[in-house]
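Quick notes on the structure that follows.
There are 2 protein chains.
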Amino acid sequence: MTKSNTSRSTLHQTILADLERKIVSGEWPPGHKLPFEVELARSYEVSRMTVNKVMTQLTKAGLIERRKRSGTFVAKPRGQSAILEITDVEAEVRALNLPYSYKLMSSVIRKANRHDAALLEVPGTTDILEIRALHMAHGEPFCLEERLINLGTVPEAAHAPFADGPAGAWLVQRVPWSAAEHKIFAITATADIARLLEIAARVACLLIQRRTWSTAGPVTFVRFTYPGEKHAIVASFTPAAG
Amino acid sequence: MTKSNTSRSTLHQTILADLERKIVSGEWPPGHKLPFEVELARSYEVSRMTVNKVMTQLTKAGLIERRKRSGTFVAKPRGQSAILEITDVEAEVRALNLPYSYKLMSSVIRKANRHDAALLEVPGTTDILEIRALHMAHGEPFCLEERLINLGTVPEAAHAPFADGPAGAWLVQRVPWSAAEHKIFAITATADIARLLEIAARVACLLIQRRTWSTAGPVTFVRFTYPGEKHAIVASFTPAAG
DNA sequence: GAAGAAAACATGTATATACATATTAATGCC
DNA sequence: GGCATTAATATGTATATACATGTTTTCTTC
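Protein chains in written order, with UniProt numbering: chain A, 1 to 242; chain B, 1 to 242.
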């Protein structure tokens, strides 16, 4: 192909974003076989080298797995990333081999107040959905979730079936995030939290705050409160050399 | 150059590891100007493309900054990585614009007991160095550090001047880590910890455990205890598309 | 038909080349 | 000297090509 790229983003970025979308949206589920490099090169009208570089990056990001002679496959979700994983409470519970259940406690649509506006970085006029829910392991409280969803960015969330399962799982299917920020705190349980989590007041809890943005704007702000000293966040890293 | 790579690792990996070592070891300090791509290509006897791919990766890892026509420079340490940063207590304190000081409380060399051996993943016969120290901000306790160093991997640590400054800074200069694991807990301060950190007993604290390995084996196990609810760990991420 | 050798195949790495893009340096003009 | 224009330069992206490396398939041979 001759070179004439009229758009502003590079071919590399375009192809990477396209493949990534297909994977994280579930259009290509785990185990799905991707087209061969030469086929992708033909369909995107680029050279194999360009496709290969994109694939290499996706491999390092853990989204795909490649085997010589066999081809390329969407990776099994062994944690989309070390950090994304820490807020998939259901997977966390199941990894402990405990039965998981989910209890929606409240779900309210309202205008953002000043507090919400600050947390979500939205103007005060925005509609937001506020959710409070408990993640249960073996019938006992495992984690308290308090969530704000920006209906300006995700209007369809207003009618989502959040009574059936965690909002996080619903969101990640529909709204691919392009940035996320986590803050982790140790807090002392307030009376309110202690009652919900069925622990004594003033016990130390692990608090994880997560904010995500899509290209369309802020998506959600969520606070996970884990009771007591048993819980840990684990993150493993290797430097660039990987 | 004709192709004849006798070694087992690729040129890419070799060059990446070499440049990374020069940067993290401080041989090339922040702001240092790297040779041009063509010069590196000449000195490593590879093509510019190969060097360019390495440089692209180092740029994404945040180790270098590149400007067209100007060249390539070692990046200022705006946190070597979001996670490495969380255990550079001195930088953390200075970022808050507070005067930093360091107080070594104890430093003992001994054989690893069963507990140490489990934490560091070393046999019980290994010599270890155990350090206890306080990081102070504005003269007040900011963070308690409890550290085990594997003298089997880092024998020279036995004579390092750990009274002068944090062991972490000394180690990162000498022993480039190839893998790290973090665990984060909320704990309730024991009487011992409360006394050292000058807080009330049973206050919630944030506990960060960090283990690092070099290619030669386990390097260090360290526990940072931050008092109270003021402290947060912050991590920002963007998915592969970056 | 089973075992082993050879071919086919998909990815992995590296090269040489070309041109785009951003920024600095040099130049010419008044 | 000041200012716009042009040239030089280093990085950024993409291509076509070549060969290496593991796997899987196919083909021999017994």
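Quick reminder that beta carbons are idealized off the backbone N, C-alpha and C, glycines included. Note that this is a predicted model, so its numbers are computed, not measured.
Leaving aside the five residues before and after residue 9 (chain A) along the sequence, list all residues of the same chain whose C-beta is less than 7 Å from its C-beta, in chain order. none
If you count every other CB in all the chains shown that lies within 10 Å of the CB of residue 2 (chain B), and 16 or more means buried, which is it? Annotation note: pLDDT 39 at residue 2 (chain B) (below 50); position unreliable, no value reported.
Throw me the rounded Cβ distance for the residue 244 (chain A) and residue 122 (chain A) pair, which I believe falls under 8 Å. The structure shown does not extend to residue 244 (chain A), since chain A is modelled only from 1 to 242, so the question has no answer here.
Taking residue 23 (chain A) as part of the alpha helix (DSSP H), name the residues at either end of that continuous run. 11–24
In terms of alpha-carbon separation, which member of A:132, A:104, A:73, A:62 lies closest to residue 287 (chain A)? With chain A running from 1 to 242 in the structure shown, residue 287 (chain A) is simply not present.
Restricting to Cα atoms, I'd like to know which of B:66, B:163, B:139 is closest to residue 131 (chain B). B:163
Give the residues of chain A in contact with residue 243 (chain B), contact being defined as C-beta atoms less than 8 Å apart. Any property of residue 243 (chain B) remains undetermined from this structure, which presents chain B solely from 1 to 242.
For chain A, is any of its Cβ atoms less than 9 Å away from the one on residue 32 (chain B)? no
Any beta carbon of chain A sitting closer than 9 Å to that of residue 90 (chain B)? no
Short of 7 Å Cβ to Cβ, which residues in the segment 218–229 of chain A face chain B? 229
Counting Cβ pairs, one atom from each stretch, are 3 or more of them under 8 Å apart for the segment 59–76 of chain A and the segment 21–36 of chain A? yes
Compare the beta carbon distance of residue 183 (chain A) and residue 193 (chain B) with 9 Å and say whether it is the shorter of the two. no
Should residue 139 (chain A) go down as buried or exposed, given a rule of 16 or more other Cβ atoms within 10 Å for buried? exposed
Please tell me whether residue 231 (chain A) has its Cβ less than 9 Å away from any Cβ of chain B. yes
Between which two residues does the beta strand (DSSP E) harbouring residue 135 (chain A) extend? 127–137
Run the CB neighbour count on residue 201 (chain A), radius 10 Å, all protein chains shown included, and call it buried at 16 or more, exposed below. exposed
DSSP three-state assignment for residue 151 (chain B), whether helix, strand or coil: coil
Do residue 210 (chain B) and residue 181 (chain B) count as a contact pair if the criterion is CB distance below 9 Å? yes
Cα-Cα, which of B:75, B:116, B:11, B:161 is closest to residue 54 (chain B)? B:11
Could you check what DSSP says for residue 217 (chain A) in three-state terms: helix, strand or coil? strand
Presumed contact (8 Å Cβ cut-off) between residue 188 (chain B) and residue 207 (chain B), rounded CB distance: Between residue 207 (chain B) and residue 188 (chain B) the Cβ distance is about 10 Å, and since that is not below 8 Å, they are no contact.
So residue 104 (chain B) is in the beta strand (DSSP E); what residue range does that whole segment cover? 100–111
Where DSSP assigns a beta bridge to residue 185 (chain B), which residues make up the other side? A:232, B:207
Hey, out of A:114, A:230, A:41, A:91, whose CA is closest to residue 126 (chain A)'s CA? A:114
How many angstroms separate the CA atom of residue 103 (chain B) from the CA atom of residue 41 (chain A)? 60 Å
State the beta-bridge partners of residue 46 (chain B) as determined by DSSP. None, per the DSSP bridge assignment.
Less than 9 Å separating the beta-carbons of residue 120 (chain B) and residue 220 (chain B)? yes
How about residue 135 (chain A) and residue 198 (chain A): are their beta carbons less than 9 Å apart? no
Separation of residue 177 (chain A) from residue 215 (chain A), as counted between CA atoms: 8 Å
Smallest Cα separation from residue 76 (chain A): which of A:88, A:62, A:70? A:62
Residue from A:124, A:231, A:24, A:217 with nearest C-alpha to residue 169 (chain A): A:24
Pairwise C-alpha distance: residue 128 (chain B) and residue 141 (chain A): 41 Å
My output table needs one value for residue 161 (chain A): the three-state DSSP class, helix, strand or coil. coil
Leaving out the 5 sequence neighbours to the left and right, which residues in its chain are closer than 7 Å to residue 196 (chain A) when beta-carbon positions are compared? 134, 141, 144
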